[in-house]
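First the structure, in the form of structure tokens, and then the observations on it.
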Amino acid sequence: QKEVEQDPGPLSVPEGAIVSLNCTYSNSAFQYFMWYRQYSRKGPELLMYTYSSGNKEDGRFTAQVDKSSKYISLFIRDSQPSDSATYLCAFYNTNAGKSTFGDGTTLTVKP
Amino acid sequence: DAGVTQSPTHLIKTRGQQVTLRCSPKSGHDTVSWYQQALGQGPQFIFQYYEEEERQRGNFPDRFSGHQFPNYSSELNVNALLLGDSALYLCASSLGTGGSGYFGPGTRLTVT
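Sequences listed follow chains A and B, in order. Just so you know, our numbering puts 801 at position 4 of the first sequence, and the rest follows in order with no gaps. Just so you know, our numbering puts 99 at position 75 of the second sequence, and the rest follows in order with no gaps.
And the structure:
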């Protein structure tokens, strides 16, 4: 069983829609929870990170972590065509000194 | 302020050859991590360098080796290339060994 499972997508939504991206994990040693955005042929860009259960908001983006269920989500409000990209969840284990990534969900926002 | 830079952008090699990829970390960062990203998959951790030493290593064979220089830049070397080594190789830098850090644009390696 993989340590991280990410909803595979692809996801296609109209402009202005609310998008929900989700990951589950099995490793209780994960301490930091992150979301990256990756445009085609580019490196991942860190969008948000948190280390506690609950919600963290940054503009149109909200990261939600539920440690008891080992489930994290990223919500995008008022989605824009420029949000079209692959979104990667990632988990950092301080003891292991490495991040473990999901395989990504490709999002297309249609004008 | 330059972010993480990587060279070359693209590379085509033949099976059995050796390749060296280079990374310059973001200004002020002292730790470099390398990841391999196959098409349609998330990045897989190769190893991390801090204070010129390999600190952590992922599940990659010894054909993958690296180096960090006093100016914090780093190299990734892959020997005896296999077709399966074709991927996007990403470098990430951070201050200290915590967190994924900031990623560079990657080097796309094609092995034929």
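Glycine included, every Cβ here is placed at the ideal spot set by N, Cα and C.
Taking a beta-carbon distance threshold of 7 Å, D900(A) counts as an interface residue toward chain B. For E854(A), the enclosing beta strand (DSSP E) covers residues 851-855. Taking 3 residues as the minimum length, the beta strand (DSSP E) runs contained wholly in the segment 816-850 of chain A are 816-822, 829-835, 842-847, in order along the chain. For the options R46(B), S57(B), R39(B), the alpha carbon positioned closest to that of L119(B) is the one of S57(B). Interface criterion met: the Cβ of L885(A) is under 7 Å from a Cβ in chain B. In the structure shown, S879(A) adopts helical secondary structure according to DSSP, grouped into three states. Here DSSP, grouped into helix, strand and coil, assigns D863(A) to strand. In the DSSP assignment, V56(B) forms a beta bridge with Y73(B), S117(B). Across the set G894(A), V906(A), Q803(A), S879(A), the C-alpha of Q803(A) shows the shortest separation from the C-alpha of W832(A).
Looking at the backbone, the Cα of N83(B) and that of S89(B) are separated by about 12 Å.
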